[in-house]
Amino acid sequence: MTTSTTAPEGLDALAIEVPSWAYGNSGTRFKVFGTPGTPRTVEEKIQDAAKVNELTGLASSVALHIPWDKVEDYAALRSHAEGLGVKLGTINSNTFQDDIYKFGSLTSSDEAVRRRAIEHHLECIDIMDETGSRDLKVWLADGTNYPGQDDIRARQDRLADSLQEVYARLGADQRLVLEYKFFEPAFYHTDVPDWGTSYAQTVALGEKALVCLDTGHHAPGTNIEFIVAQLLRLGKLGSFDFNSRFYADDDLIVGAADPFQLFRIMVEVVRGGGLEPDSGVALMLDQCHNLEEKIPGQIRSVLNVQEMTARALLLDRAALQEAQANRDVLAANAVFMDAFYTDVRPALAAWREERGLPADPMTAYAASGYQKLINDTRVGGTQAGWGA
Ligand code: PSV
Ligand code: MN
Ligand code: MN
1 MTTSTTAPEG LDALAIEVPS WAYGNSGTRF KVFGTPGTPR TVEEKIQDAA KVNELTGLAS
61 SVALHIPWDK VEDYAALRSH AEGLGVKLGT INSNTFQDDI YKFGSLTSSD EAVRRRAIEH
121 HLECIDIMDE TGSRDLKVWL ADGTNYPGQD DIRARQDRLA DSLQEVYARL GADQRLVLEY
181 KFFEPAFYHT DVPDWGTSYA QTVALGEKAL VCLDTGHHAP GTNIEFIVAQ LLRLGKLGSF
241 DFNSRFYADD DLIVGAADPF QLFRIMVEVV RGGGLEPDSG VALMLDQCHN LEEKIPGQIR
301 SVLNVQEMTA RALLLDRAAL QEAQANRDVL AANAVFMDAF YTDVRPALAA WREERGLPAD
361 PMTAYAASGY QKLINDTRVG GTQAGWGA
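Residues in the sequence shown are numbered from 1 upward in steps of one, following the numbering used here.
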């Protein structure tokens with residue numbers, strides 16, 4: 001393996017948004033584990049997120065989930081975050097935990113239910129006005145379990161209608177990102193199952209509507225980097241939810257299950273200009289830490305993204321293009337693999353030290369005493385929402 005001692009150009013542009021729910025207790029549908037030190041309030045979740053940023057220099061914004069992170073005073077929450085050196089980021093809507101949404105939310109054939117779901121999204125935009133957030137992220141649990149259960153085409157029409165009303169309320173600098181997922185919690189059909197559906201719905205809305213790609217939301221074997229390339233080509237890639245999956249929507253640490261896939265995705269992000277400051281592509285984590293400690297889990301995650309981004313930036317594009325032009329399959333593949341097999345860890349440690357950050361954020365966190373402090377002072381932390 002070759003080693004690189006200087007960080008590649010372009011790495012400074014990398015920013016990864018962390019989710020507030022990663023800091024809360026979570027689990028599976030079998031069990032939610034309580035862990036010491038878990039935040040009791042949204043302010044404490046933000047404090048933990050700020051710790052991740054302080055040690056890595058990579059995570060300057062925190063995504064919120066409404067109503068999990070509902071507060072009385074969002075302006076005060078914003079100052080709290082800014083005082084800790086982070087911004088409030090994407091607002092995630094939530095129409096998947098209330099009884100009324102059992103048969104759908106923005107797609108519901110019950111007009112009163114659909115109205116409630118629309119109003120919820122409008123309220124999320126009101127919150128964005130106060131938090132200064134740019135993006136409203138919509139992931140819907142809508143779908144059916146049995147063939148014939150509902151008219152799947154009419155549900156698309158109602159979805160388009162509902163989204164149109166939400167979209168119309170966006171401010172000039174605000175955006176809507178529509179996330180797709182191929183299954184679960186509905187199993188027969190899901191109303192936004194794939195990038196094509198999300199693309200079709202967002203194209204119909206307009207320029208401020210884009211696709212959110214969650215890496216865990218594809219069937220096994222899907223070529224995710226192809227979807228990335230295609231959406232960038234079409235100017236419709238709004239954001240990523242990064243995580244790892246082995247079987248389903250596992251929400252494990254990004255880059256843990258398949259670092260090579262993360263590398264291939266970042267190669268396409270770089271290729272498509274997605275790392276450039278005005279690209280409008282937001283990189284976020286969407287993870288839960290069930291077994292491992294949450295703050296180091298998040299630190300590991302942003303470092304994994306940085307590591308694979310650095311390797312992607314090292315790709316010798318000129319050599320690759322030449323090999324491709326010569327139809328030299330093996331040479332092209334060798335250039336690609338050389339970048340993947342480059343050890344960038346010494347270069348990244350140096351990059352951190354140059355910026356006054358700890359060379360090894362994981363060790364620095366363990367030595368910081370922060371975990372003991374929160375374990376001792378926080379009692380009765382909250383659940384992220386899953387399994388509630
Ligand atoms: C459910 O699949 C989900 O994990 C989606 O990925 C959302 O982004 C996330 O929940 C938070 O709402
Ligand atoms: Mn997601
Ligand atoms: Mn998910």
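Ideal Cβ positions, reconstructed from N, Cα and C, are used throughout, including at glycine.
*Where does T382 fall in DSSP's three states?*
Taking the first residue of the sequence shown as position 1, residue 382 is located at position 382. Reduced to three states, the DSSP call for T382 is coil.
*Give the range of the beta strand (DSSP E) segment to which P19 is assigned.*
Locating residue 19 in the sequence shown gives position 19, counting from the first residue. For P19, the enclosing beta strand (DSSP E) begins and ends at 16-19.
*Going by C-alpha distance, which of Y74, G34, K372 is nearest T131?*
For the purposes of this step, residue 131 is taken as the residue at position 131 of the sequence shown. Checked all of Y74, G34, K372; the closest Cα to T131 is Y74.
_Best match in I125, A350, A81, F33 for proximity to R175 [C-alpha to C-alpha]_ = Along the sequence shown, read from residue 1 onward, the residue named residue 175 stands at position 175. Measuring from the Cα of R175, the nearest candidate turns out to be I125.
*Run through the stretch 282-344 for me and flag every whole beta strand (DSSP E) of 3 or more residues, listed as ranges in chain order.*
Runs found: 282-285.
*How about G216: is its Cβ closer than 7 Å to a heavy atom in ligand 3?*
Residue numbering aside, residue 216 sits at position 216 when the sequence shown is read from its first letter. The nearest non-hydrogen atom of ligand 3 is less than 7 Å from the C-beta of G216.
*Given A388, which residues of its chain have a CB within under 7 Å of its CB, disregarding the five upstream and five downstream residues?*
Numbered from its first residue, the sequence shown carries residue 388 at position 388. With a pLDDT of 40 at A388, under the threshold of 50, the predicted position of this residue should be treated as unreliable, though the coordinate-derived value follows. Within the same chain, A388 has close Cβ partners Q97.
*Check each candidate in D338, I253, E111, N333 and name the one with the smallest Cα separation from L314.*
Against the sequence shown, residue 314 aligns to sequence position 314. Taking only the C-alpha atoms, the option nearest L314 is D338.
*Does the separation of the CB atoms of G27 and N333 fall below 8 Å?*
As a position in the sequence shown, residue 27 is number 27, starting the count at 1. As a position in the sequence shown, residue 333 is number 333, starting the count at 1. The Cβ-Cβ distance between G27 and N333 does not fall below 8 Å.
*Which partner residues does T190 have in the DSSP bridge list?*
Against the sequence shown, residue 190 aligns to sequence position 190. Looking at the DSSP assignment, T190 forms a beta bridge with G143.
*What do you reckon, is the C-beta of D249 under 7 Å from a heavy atom of ligand 3?*
Translated into positions along the sequence shown, residue 249 becomes position 249. Yes; taking the cut-off as 7 Å, the Cβ of D249 has a heavy atom of ligand 3 nearer than that.
*alpha helix (DSSP H) containing H120: first to last residue?*
Locating residue 120 in the sequence shown gives position 120, counting from the first residue. H120 -> alpha helix (DSSP H) spans 111-131.
*In this structure, does DSSP put E179 in helix, strand or coil?*
Residue 179 sits at position 179 when you count from the first residue of the sequence shown. In this structure, E179 counts as strand in the three-state DSSP scheme.
*Can you list, in chain order, the residues of its chain whose CB lies under 6 Å from that of G273, leaving out five sequence neighbours each side?*
Here the question's residue 273 lines up with position 273 in the sequence shown. Only S279 meet the Cβ criterion.
*asked:* Can you list, in chain order, the residues of its chain with a C-beta nearer than 6 Å to that of N375? Leave out the 5 residues immediately preceding and following it.
replied: In the sequence shown, residue 375 corresponds to position 375, counting from 1. If you ignore the 5 residues before and after N375, its C-beta comes within less than 6 Å of the C-beta of P36, G37, all in its own chain and listed in chain order.
*Looking at C-beta atoms only, is the number of pairs between the stretch 225-241 and the stretch 194-213 that lie closer than 8 Å three or more?*
With the cut-off at 8 Å, the stretch 225-241 and the stretch 194-213 touch.
*Reduced DSSP category for T202 - H, G, I as helix; E, B as strand; rest coil*: For the purposes of this step, residue 202 is identified with residue 202 of the sequence shown, where counting begins at 1. Three-state result, T202: helix.
*Consider the C-beta atom of W21 and the heavy atoms of ligand 2; say whether any pair is separated by less than 7 Å.*
Translated into positions along the sequence shown, residue 21 becomes position 21. Because no heavy atom of ligand 2 lies under 7 Å away, the Cβ of W21 does not count as near it: no.
_Using only CA atoms, which one of A59, Y167, M266 lies nearest to K208?_
Locating residue 208 in the sequence shown gives position 208, counting from the first residue. The option with the nearest alpha carbon to K208 is Y167.
*Bridge-paired residues (DSSP) for T3*: Here the question's residue 3 lines up with position 3 in the sequence shown. The partner list for T3 (beta bridge, DSSP) reads D343.
*Can you give the Cα-Cα distance for F336 and Q324, rounded to whole angstroms?*
The residue you call residue 336 lines up with position 336 of the sequence shown. The residue you call residue 324 lines up with position 324 of the sequence shown. Their backbone Cα atoms lie some 11 Å apart in a straight line.
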